[in-house]
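Report on the following structure.
Residue numbers (our numbering): 1 to 920.
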């Protein structure tokens, strides 16, 4: 056989060849010194070896404790895993009874098994988990689960039932491990007891089964035979006379080499030795340290001979490991070592001389051979790695022997094969993902549900290498075929398949493959549809498919929408897992797309329905508003006729045309006349508002001289000052242009604003001014306008009420007026201004006064570039500068445009010698 030294051997040889000269020197000096220090070395060696032996014993105890802690912790985890699995299975749908044998206290029988069917099925369901777990741990002899209900018990090995039948009656609920677990909240390790199955000594790790509500169901437990633990402990290298113990937290010996069953029965407690009862105070003190979870090594008297005991805790079970070895056995290696030092010294000297001569002869040859062997093959590996890194995935290394470098070359070649395969796989997956993304984008652009459902099977056939595809949707509790694609020329066959499949829709709770796909949420490949029990025969006869794959369609929050079915009927291609995976991914995207289209169509239908309802409601509201306005206009007109008669006749009587009156009669008639006129004014305002809202009043717009109308209205208002210390001023430009307006309506607007200004100003002045400006109209075109301002020094309007004064029936300062009005004057004024396509706004500071401004369009013939003149002429002929401030600057503020342009009737303007009632 050809010799192929390993890399490790070659490196070792190279190191020895390099280290030979210093090794020879050190060896020669060592031998010389060893001769002089032989006696001293023997004594110190004995002491050192004794210390080392003690430390080794302590380390072995610690290592053994750690290993046992890990092993017992692993068993605890397995018990907890089985308990968790058992609790997860508890409360599921009824489980089916199997043929696995279980125990029912006091002994299984047909009646007992029928009495607790749920517990028996539940126990049988856990048996596979028990078997798998016990098989994975060689320390565990048996695993089982016992239930409080009926004492039902299942084992990983059914032969245990036969052993228990031989000792019946047997009730697991009375066993130590069951009682200990029921009294605890977690895993517990029992003391040594006699196993009922084997009759041997055992200890158990048990775990209670507790539901989240705190209900105790039973116990999961794993047994460890003491014989197994004894054999494992004896493997500790502590000499022929040494032995090992396991001690619990009470000082009781759980395991020792000579522990075995004597006369105890399985249903009797096992009596073991308690080290705390030892007559030796040193041993009792040591056991107390062991129970305190300490670790270390101590010297004691064992069987009247000195011995060493090393101990360490096992935290998982609450036990401790103790290793006991006689002191003579510890010292013996040191004594023997000292004796052999002298014998080996002379022999070592001779061997060293021979070794140095031999190594010196081959050093140069070995170095040359090794260097050449390394560099040649390592260079080959380096070249291969460089080729792979540059993208040459076909690069392979030639055979390089069977050593580590040869193995590295083989591993490199295997890696290159796998890498090349993975790259091809990634390229294929990337191509599939790109195709899926393309189909997804195409389907997302379809908002018509029938069109979308038709496009889905077609996309499956064209993009995923299937010949035929069908889409089912859930309707109520059934699956119905909504669309199918059977390839070129297969439209008639697809239509026939849809008719057959929908003639008897598939129930979601049925036993068909389709229902199973919906319930499980997983893809299913049916490769034997003609004999499969879950395939509906009529549907299979219509499709004649030899194999197909079906995947579920889910929407948001896991709501089942339907399923996709596809086959390769024409090409006879075998359907693989990759096909199912791709189709399942496509179905996930399809579910969201279908749901989005459904939501879109539902929203579109709701919007259409709500729009129709709103249009009907709006028409009804307009009709009711028109009827209200018509009724109010008719009623106001009918009331004015008798009121005019009352006012006329009372005026005649007050003028004395019907004879003289007594003072009381004159006072009564005066009150009748005054209140009648006031009532007529209120009715006229209501009539105006009604006509405007009903659209019955039209403006007679002409070219109006605004300055002339302002003069007329100021003259009218001069008569209602009632002796107030209040002056009326007019400040107008000398070339104020004509406006396009209804003269009577402009007169009514000015009279309302001036009457209000006089009414709420107790002293100071009321000033009317005008100026030209440009504004943007509704068509976003610049339109020349004339703005008229009425400024007073009255009580003002609070800022928070500025938006309310133009509303109907609103009276900001009604309580401060001697006569209360309807609150319609400013409302009518606003609507008349807006009917002229102008706007009105107010600026006010409480306690300083208010400024009401409105705009009117300039007449068409005067729409030229207007310039504000340097001087203006007042009504009294006094010249004023146009930039003169006639009111405090703080009056100026933002204005708001109001809606609802209206019309009104000015026929009541001259019916009163007093201002309209206050609207503020």
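A virtual CB, placed ideally from N, CA and C, is assigned to each residue, including glycine.
Nearest to residue i (by Cα), restricted to the options the options
i           : options               : result
residue 739 : 432, 715, 783 and 320 : 783
residue 498 : 470, 523 and 143      : 470
residue 256 : 531, 186, 72 and 242  : 242
residue 753 : 832, 655 and 781      : 832
residue 598 : 437, 534 and 453      : 453
residue 292 : 274, 325, 250 and 259 : 250
residue 217 : 145, 191, 704 and 800 : 145
residue 175 : 843, 153 and 458      : 153
residue 85  : 642, 799 and 132      : 132
residue 654 : 641, 642, 671 and 639 : 671
residue 455 : 666, 439 and 643      : 439
residue 70  : 799, 197 and 313      : 313
residue 329 : 707, 665, 729 and 54  : 54
residue 462 : 306, 474, 486 and 446 : 486
residue 296 : 304, 306, 311 and 307 : 311
residue 514 : 552, 25 and 219       : 552
residue 803 : 278, 779, 830 and 184 : 830
residue 414 : 624, 626, 404 and 396 : 396
residue 211 : 327, 569, 83 and 765  : 83
residue 435 : 589, 612, 340 and 859 : 589
residue 787 : 737, 806 and 167      : 737
residue 29  : 706, 593 and 352      : 352
residue 772 : 766, 778 and 785      : 785
Contacts around residue i, its chain only, beta-carbon distance under 6 Å, and the 5 residues preceding and following it disregarded
i           : result
residue 286 : 298
residue 873 : In this prediction, residue 873 has a pLDDT of 36, which is less than 50 and means its spatial position is unreliable; what the coordinates show is noted afterwards. Taken in chain order, the residues that qualify are 734.
residue 105 : 151 and 171
residue 141 : 223 and 225
residue 789 : 769, 851 and 853
Cα-Cα separation, residue i to residue j
i           : j           : result
residue 699 : residue 448 : 53 Å
residue 266 : residue 170 : 10 Å
residue 479 : residue 472 : 6 Å
residue 58  : residue 401 : 47 Å
residue 844 : residue 851 : 6 Å
residue 847 : residue 616 : 49 Å
residue 542 : residue 426 : 39 Å
residue 347 : residue 309 : 38 Å
residue 663 : residue 643 : 24 Å
residue 162 : residue 110 : 16 Å
residue 886 : residue 769 : Unreliable placement is indicated for residue 886, whose pLDDT of 31 sits below 50; no coordinate value is reported for it.
residue 458 : residue 614 : 42 Å
Exposed unless 16 or more other CB atoms sit within 10 angstroms - verdict on residue i
i           : result
residue 533 : exposed
residue 760 : buried
residue 443 : buried
residue 555 : buried
residue 530 : exposed
residue 354 : exposed
residue 545 : buried
residue 451 : exposed
residue 317 : buried
residue 756 : buried
residue 857 : buried
residue 603 : exposed
Close beta carbons around residue i, own chain, < 7 Å, minus the five adjacent residues each side
i           : result
residue 713 : 747, 750, 751 and 754
residue 539 : 500 and 501
residue 270 : 192, 193, 194, 201 and 264
residue 43  : none
Cβ shell of residue i (< 8 Å), same chain only, five flanking positions each side left out
i           : result
residue 549 : 523, 524, 525, 526, 565, 566, 567, 575, 579, 580 and 583
residue 516 : 524 and 534
residue 701 : 740, 741, 742 and 836
C-beta neighbour in chain D for residue i, strict 8 Å
i           : result
residue 547 : In the displayed structure, chain D is absent; only one protein chain is listed.
*asked:* Closer than 8 Å is the cut-off here; do at least three beta carbon pairs connect the region 639–651 with the region 661–679?
replied: The region 639–651 vs the region 661–679: in contact.
*Counting Cβ pairs closer than 8 Å, one from the region 223–231 and one from the region 193–208, do we hit at least three?*
With a cut-off of 8 Å, the region 193–208 and the region 223–231 count as touching, because enough Cβ pairs lie within range.
*asked:* I want to know whether the region 59–72 touches the region 309–324 - three or more CB-CB distances under 8 Å.
replied: A contact is defined here as three or more CB-CB pairs under 8 Å, and the region 59–72 meets this definition with respect to the region 309–324.
*Between the region 714–725 and the region 835–847, do at least 3 Cβ pairs fall closer than 8 Å?*
No: fewer than three Cβ pairs fall under 8 Å.
_Quick test of the definition: if touching needs 3 or more C-beta pairs under 8 Å, does the region 67–84 touch the region 108–125?_
The region 67–84 makes no contact with the region 108–125; the number of CB pairs closer than 8 Å stays below 3.
_Three CB pairs or more closer than 8 Å across the region 760–771 and the region 791–798_ = Short answer: they touch.
_Below 8 Å, how does it come out for the region 92–103 and the region 154–167: are there three or more Cβ pairs, yes or no?_
With the cut-off at 8 Å, the region 92–103 and the region 154–167 touch.
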